Every structure is written in C-alpha cells, then in structure tokens.
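Here is the structure we will look at.
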Amino acid sequence: MENRTVRVISDNIVSPLGLSSGANWQSVYRGRTCLALHEGLWGLPEPFCASLFDRDSIDGECSGAGLPDGLTFFEKTALLSASAAVRESGIDPSSESVIFIISTTKGNVSLLCEPGEYAPGRETLHASARLIAEHFANPNMPVVVSNACISGLCAQIEAMRAIRSGRYDYAVVTGADCLSPFIVSGFQSFKALSPEPCRPFDLGRKGLNLGEAAATLVFAAEECCSDSAKNSWIAAEGAVRNDANHISGPSRTGEGSFRALQYVMEAVVPEELAFVNVHGTATPYNDEMESIALSRAGLSEVPVCGLKGYFGHTLGAAGVLETIISMKAADEGCIPATAGWRENGVSCPVSVSNECRRTEKKTFVKLLSGFGGCNAAMLYRKGGER
Amino acid sequence: MTIRSYVKLTSDRIVSDRPVPCFSGTGRELLLSAFRASGISYPKFHKMDTLSKAGFLATEILLEGSDGRFVPREDRAVILFNSASSLCDDRHYCKTIADPGNWFPSPAVFVYTLPNIVTGEIAIRNKYYGETCFYVLPEPDPESICRIVSDAFQDRMTSSAICGWVDCTDDDTFEAVVFLVEDCIYEENALHGGGMPWNMENIRTILNK
C-alpha cells in the first residue's frame, strides 16, 4: 500500500484577491495585490500593512453558498474554501474513506479577547475542525495540524501518508487563518512587519506583511481518480526537518530547510525543477537562511519565486495557497514573478525575477519554515507515476 | 514498531518504566522540584512556558542515561498531540495586550503562543534534526495517535520517535505522556531493549495510567 500514488483532484483559494484558484492565479499573473496600509483599524495603536478580507463580502458569499449561520469569520473562510473544493472534486465527503485535515496556527483565537455570542470552548482548534467535518457529515475524527508557519505543508504530508498507508482514499486539506489584534501585536512585538508591501529576497527588504486566506486541496489515491484526473498533479515527496537551533530565529546554516530539500530531491535532479517556490517572508533572516539552504542543496541555478508580495504571509493557509498557485502557474508554463523584488539581497546566489518567466517543466518544490525551528519541503510533479 | 519506554507526568504525579526523580507539591511546584531533583543543568528551562516545561521534563526522564544522548541525529522525529493547543499562553497574551501600555510585549511571550514550540525545545536540547510536528485533536484518541505516528515512519530517514500527548489547560494543570518508539518489530524475549508493541491498546493503557 505504501506505494500508492497520491494525486490532487481539486483545489480552491479564497483570498482578498478572489474566491477561486483561477481568479487568484490570474491576479498573481497580472501583478495584483491587496496589500495595503491599515491605520486605526481595530483600534490598534500602530498602522500595519496587510492583505485583509472585506468582511461584508465574505458574509454575502457565505449566505450565497448556503453555509450555516453562527460561524466565526475564520470558520466562514475555511468552509467557503472547503465547500468549493469538495464540490469540484465530486467525492462523497460523508464517506469513511475521507479524512479532513485542517491547517491553522491560531484558528478562533480572537474569541479569547472578544468572545461575542459563542459558547466557551469555541476557541479550541478542534472545535472548528469538528464543525467543518460535521458540515460534510464526515464520520472520522478530524485532525488539526498546528505547526506554526509550515502547517500547510505538514497537513499535506500527513494527507499523503494517510492515503499511501491505505487507511484513507481521500484527504481534504484546508489551511486557513484570519488576522486579529492578537496576531498583529505578536508580529509587531517581534518587529517583523514591513511598513510597505514586502520585498522577498530584495536588498531593501524590511520585513513581512500578514495576510488572510483559506485554501483547500483534495487528494486522492490514484486508483480512486477518474480518468480525467489521472494526469493531474502528484504529491510525490515531503519532509519536515528541524534546525535544532533556536525557537524563534532561523538557523544560520539553513540546517532544517537544507535537510528537507535534500530529502525531497533524492529522486530528482535540479534540472528537472521548473522552480522552487520559497517561503520568502521578506524578513532579513528568513530569506538569507533560504538562500543558504538552496545553495547547500545544489539548487542555486533553479529559478526561485515567492508569493508573499501578493498575499502577504497567510500563516496556516500559506503552504496550501502557495502550492496551488505554483500548480496553476506551472500548468500555464509560468514561473510566477516575485512581486517586490528588485535587487538580490541575500548572500548566496539565487535566480529570482520580478517578471514572469517561461518553463516547460512540470515539477516543482515548495519550501516553508517556521517558529519552533521547523522547516518543510514538498515535491510535486504532473502526470505519470510517483 | 516498539514502545521502548514511556513517561506520564501530570500536575500531581509521575509514572514511568524509567527512574523517576523525586518531587514535591503539585502543578508548577512539581515541575520545578522534579527538574531540580533530576540534576539537569539547562537554564533555558526556566524561560519556557508550562506546556514546554511539561513536555521537556517528561522527555528528559524518558531519555536520561540513554546511549548516544546529544549526538546530533536526523533519524528521530518528535511528534506531539494535544487538545488545548497553546490556549494557556494565548489567554495570558490576550490579557497582556488588553492593557494599551503593553501592546508590544516581549517577543519571548508571543513565541509560546504556538503549540509546536515544545517540539522545537526538545529538538534543540537533544540535537534532533529530524521531523517535528504538532497535531491538535478533540481528545487523546489512541487511534489517531497510533496512525499518525506510524505514518510518520514512511519518511525513510525516520527510525525512532519521541511522541505522545502534551496538554496544558492552565499553569498548574497539565499532562505529558511521552513514548520512545522505535521502528522495529516487537519481540517478546528480545535481548535488546524490551518494551511493548506500538498499538492502540498499549497507547490507551499508558495514557490512562
């Protein structure tokens, strides 16, 4: 069973840039972003630059999609995305052969500060996960991955393993986070936020922007795919590695990212890769660390792209959202432009561009790293076999 | 897969198949007294949040005196589960920033509002470059824990794991049940190690000890 090929059968992104994967990819292709400076929002003492949902329009979408009343904003975005992807996949989400895996860092944490009308306990991550699984009448215990900023890749790796092992045939992976004073304060206390749209890998980068999004990937075992899905994207390899260095600072040697990259590259040569979609938060330390890890893994020549200049850092959604955009881009023969980048500002050579480049290759790597010293890499390829 | 050893540390007791340090009191006092009694020199312990202290100390008891301790390795994963995520620290953080004069608390406070920090603390202490991951479940469900940890051994690098349930609802109420699991078939009369099979029944029994 452990050799089962795991394919992507549907996807969705709900972000301030659009409500489908296609609309989000078109926004990236056209260079659009919703990153903007917000002053006085939520009564916060400092302005911050972020990509935020229009609350009212999400409420409208939820009514239109027939979602139940009484959802928190976080749950609304997650369910909107999951519903769209499940519908497109054609799977029966109430089947025992489907597992729901939710990726989030903070879920409903804003209820701690403003509980509103919600019952105690709604702030737990598993309460939201249960609500999502119950919406689809799924009988299995839903799993939440809360592994800081790499959660979206960890959730996909767990999905891949759960299908490979034969325990499940399908996995619905939804990554979501929404912003609140809690999260903004935390990143401001770290002095990690850029006052302007972020500039990944650029010499003048000043930090990251936060962003809101929900994104969903539905995975299936090869033998459960319809004929039309038999040429779709494959989750080929995935690895999580720790820096074993510091809980809040990246390793100076890129240890965990390097080791995760080395593992997923065992079965391919660098020339096969269309690109590496990096974490690229645009903090001085993160991007420098990634350049070192890429260089150590022998990937300096491979094109690199980062998407935080369009969406900001979408936390628990990032791994899912950025994987989907990478797939859409490669489908169209594109290496996405890295918005905000002008001049290399990392010590190891990396091939970054602020323009869309062409590629015919259908294999790419997604890279993430996060607090707690964790790093993840995943290899995807299209068509053929694992 | 084989459970080589286990530790269950709660607010008022420590149960293990390994030697257990002396302790006094409950809650915070238990953590501090057991840490001191174990003779570990690791000042960073005092900076950790309660979730990390509980997971860290349980792992120290689990690994005390084991062969090759602190030799850097990539083949050991750290995979932990709980139900409260980091809500204990999240509540502290909310109270802190409710005071407008405290909008920028120390970054060291914010970082612990992530549950996976405890896996990083264990990896740093033991020089583990392997997989670290944190999952949140509604309850300590042996089936989910058994499956997810077993699945983690699909990573060809992973040959053993520190895994288990590490939960904290407030600074005096916590539970850390950690297992050392190895990727080898359990043999009853094995010369090396002993232990018991990694299965739902044994996980449930130890969780309920």
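In order, the protein sequence lines correspond to chains Y and U.
If you count the first sequence from 1, position 45 lands on 45 in the numbering used here, and the numbers rise without skipping.
For the numbering used here, count along the second sequence from 1 and bump the result up by 386.
We treat Cβ as the ideally placed atom computed from N, Cα and C, and that holds for glycine.
Model, not experiment: these values are computed from the prediction.
Straight-line gap, Ala84/Y to Ser95/Y (C-alpha atoms, nearest Å): 18 Å
Rounded to the nearest angstrom, how far is the Cβ of Leu368/Y from that of Cys149/Y, given a contact under 8 Å? Right, the Cβ-Cβ distance comes to about 6 Å (below 8 Å), so this counts as a contact.
Please go through the same chain and pick out, in chain order, the residues whose beta-carbon is closer than 7 Å to the beta-carbon of Ile163/Y, but skip the five residues on each side of it. Arg4, Val6, Asp169, Ala171, Phe219 and Ala221
Start and end of the beta strand (DSSP E) containing Trp233/Y? Trp233 to Asn242
Residue from Ser103/Y, Gln262/Y, Gly166/Y and Gly107/Y with nearest C-alpha to Leu294/Y: Distance from the Cα of Leu294/Y is smallest, within the candidate group Ser103/Y, Gln262/Y, Gly166/Y and Gly107/Y, for Gln262/Y.
Where do the N-terminal and C-terminal ends of the beta strand (DSSP E) with Phe421/U fall, by residue? No beta strand (DSSP E) holds Phe421/U; the alpha helix (DSSP H) holding it covers Gly413 to Ala423.
Using a beta-carbon distance cut-off of less than 7 Å, what residues from the stretch 157-190 of chain Y approach chain U? Glu158, Arg161, Ala162, Arg164, Ser165, Arg167, Pro181, Phe182, Ser185, Gly186, Gln188, Ser189 and Phe190
Would Thr591/U be called buried (16 or more neighbouring beta carbons within 10 Å of its own) or exposed? Burial call: exposed.
With DSSP run on the structure shown, which of helix, strand or coil describes Ala65/Y? If DSSP states are grouped into helix, strand and coil, Ala65/Y belongs with coil.
Are the beta-carbon atoms belonging to Ala274/Y and Leu379/Y less than 8 Å from one another? no
Can you tell me whether His279/Y is helix, strand or coil according to DSSP? coil
Just grab the DSSP bridge partners of Cys554/U for me. Phe560/U
Could you check if Leu80/Y is buried or exposed, using at least 16 other CB atoms within 10 Å of its CB as the buried criterion? buried
Looking at C-alpha atoms only, which residue of Pro407/U, Thr396/U and Tyr428/U is the closest neighbour of Arg414/U? Thr396/U
Tell me the DSSP bridge mates of Tyr170/Y? Val98/Y and Ala220/Y
Using a Cβ-Cβ cut-off of less than 7 Å, list which residues of the stretch 12-46 of chain Y approach chain U; keep chain order. Along the stretch 12-46 of chain Y, going in chain order, the ones with a CB nearer than 7 Å to a CB of chain U are Pro45.
Against Met543/U, what residues of chain Y qualify as contacts under a CB-to-CB distance less than 9 Å, listed in chain order? Ala239, Arg241, Arg259 and Tyr263
Examine the Cβ distances between the stretch 60-78 of chain Y and the stretch 102-116 of chain Y and report whether three or more of them are shorter than 8 Å. yes
For Gly66/Y, which residues in chain U fall below 9 Å Cβ to Cβ? Residues of chain U passing the Cβ test: none, with the nearest at roughly 26 Å.
If you drop the 5 nearest sequence neighbours on each side, which residues of the same chain put their C-beta closer than 6 Å to that of Ala318/Y? Gly152
Would you say the stretch 186-200 of chain Y touches the stretch 58-68 of chain Y, given that touching needs at least three Cβ pairs under 8 Å? no
Contacts of Asp476/U in chain Y (Cβ-Cβ under 7 Å): Val109 and Leu112
Identity of the residue in Val264/Y, Leu210/Y and Ala214/Y nearest Ala36/Y by Cα: Leu210/Y
Are the CB atoms of Ser546/U and Asp604/U within a distance shorter than 8 Å? For residue 604/U there is no data in the structure shown, the boundaries of chain U being 387 and 595.
Output, in sequence order along the chain, the residues in the stretch 139-154 of chain Y whose CB is closer than 7 Å to any CB in chain U. Met141, Val143, Val144, Val145, Ser146, Asn147, Ala148 and Cys154
Show which residues of chain A have a CB atom less than 7 Å away from the CB atom of Tyr521/U. No chain A is present in this structure, whose protein chains are Y and U.
Can you tell me which of Phe73/Y, Ala23/Y, Glu255/Y and Gln156/Y puts its alpha carbon nearest to the alpha carbon of Leu217/Y? Gln156/Y
What is the residue span of the beta strand (DSSP E) that Asp11/Y lies within? Val6 to Val14
What are the start and end residues of the alpha helix (DSSP H) that includes Leu593/U? Met586 to Leu593
Residues in the stretch 500-514 of chain U having any Cβ partner in chain Y nearer than 7 Å: For the stretch 500-514 of chain U, the set of residues with a beta-carbon nearer than 7 Å to any beta-carbon of chain Y comprises Leu500, Pro501, Asn502, Ile503, Thr505, Gly506, Glu507, Ala509, Ile510, Lys513 and Tyr514, in chain order.
Outcome for Ala423/U when other beta-carbon atoms lying within 10 angstroms are tallied against a minimum of 16: exposed
Supposed close pair Ser146/Y, Val522/U - CB separation, criterion 8 Å: Taking the Cβ atoms as the reference, Ser146/Y lies roughly 5 Å from Val522/U, within the contact range of under 8 Å.
Just list the beta strand (DSSP E) runs in the stretch 285-334 of chain Y, keeping only unbroken ones of 3 residues or longer that don't cross its boundaries, in chain order. Those beta strand (DSSP E) runs which fall completely within the stretch 285-334 of chain Y and span 3+ residues do not exist here.
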